[in-house]
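Engineer:
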Amino acid sequence: DIFSLGGIFYYILMDYTPPFNNKSKERCENQIVFNEPNGDMSHIPKIIQNIIHKMMHKDPRGRYKSLTGVIKDLEQCVNVLKNRDVVRKAPNELEFGTEDTLDSLTLS
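Numbered per the working numbering, the sequence shown spans residues 43 to 150.
1. In terms of alpha-carbon separation, which member of PRO102, HIS95 and LYS100 lies closest to TYR53?
2. Count the CB pairs spanning the segment 70-88 and the segment 106-114 that are closer than 8 angstroms, and state whether there are at least three.
3. What span of residues does the alpha helix (DSSP H) with TYR52 cover, start to end?
4. Cα separation between ARG103 and LEU47?
5. CB PRO61 to CB PRO87, shorter than 8 angstroms?
6. Within this structure, are the beta carbons of MET98 and GLY49 separated by less than 8 angstroms?
7. Quick check: what's the CA-CA separation for GLN91 versus LYS100?
8. Which of the three DSSP states, helix, strand or coil, is assigned to GLU68?
9. So, using beta-carbon positions, are LEU116 and ILE93 closer together than 8 angstroms?
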């Protein structure tokens, strides 16, 4: 799922530090449900941070709806990063999720 993929991206970009870390399984599960990932992401360009945060949004309605949306935003991100000298100063260069649509009907 997209939340878990965001956790994997976080883990890799944060030098193999898990987004939620606790020795107790129950406390770790509580962190996943209620807390934002812990850790200083300032070494990661802000536009990439924004994509990861959208992937790991606590409210599923705030998350990407499809991998297509994630891929489109990552492609835009790559283009921005290739064409910029300073990548950490402009967090809102991308309008996230503009091509994020469900390919099928979902009933809740």
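Think of the CB as a built atom: it goes at the ideal place given N, C-alpha and C, for glycine as much as any other residue.
Structural biologist: Straight from the coordinates:
1. Comparing Cα-Cα distances from TYR53 to each of PRO102, HIS95 and LYS100, the minimum goes to HIS95.
2. The segment 70-88, when compared against the segment 106-114, does not touch it at the 8 angstroms Cβ threshold.
3. Note, TYR52: alpha helix (DSSP H), 44-55.
4. Answer to the nearest angstrom: the Cα atoms are 16 angstroms apart.
5. For the pair PRO61 and PRO87, the CB atoms are not nearer than the 8 angstroms cut-off.
6. Judged by beta-carbon spacing, GLY49 lies within the 8 angstroms limit of MET98, meaning their Cβ atoms are closer than that value.
7. Whole-angstrom Cα-Cα distance: 15 angstroms.
8. DSSP places GLU68 in helix when its eight states are reduced to three.
9. Annotated as proximal: LEU116 and ILE93, with beta-carbon spacing under 8 angstroms.
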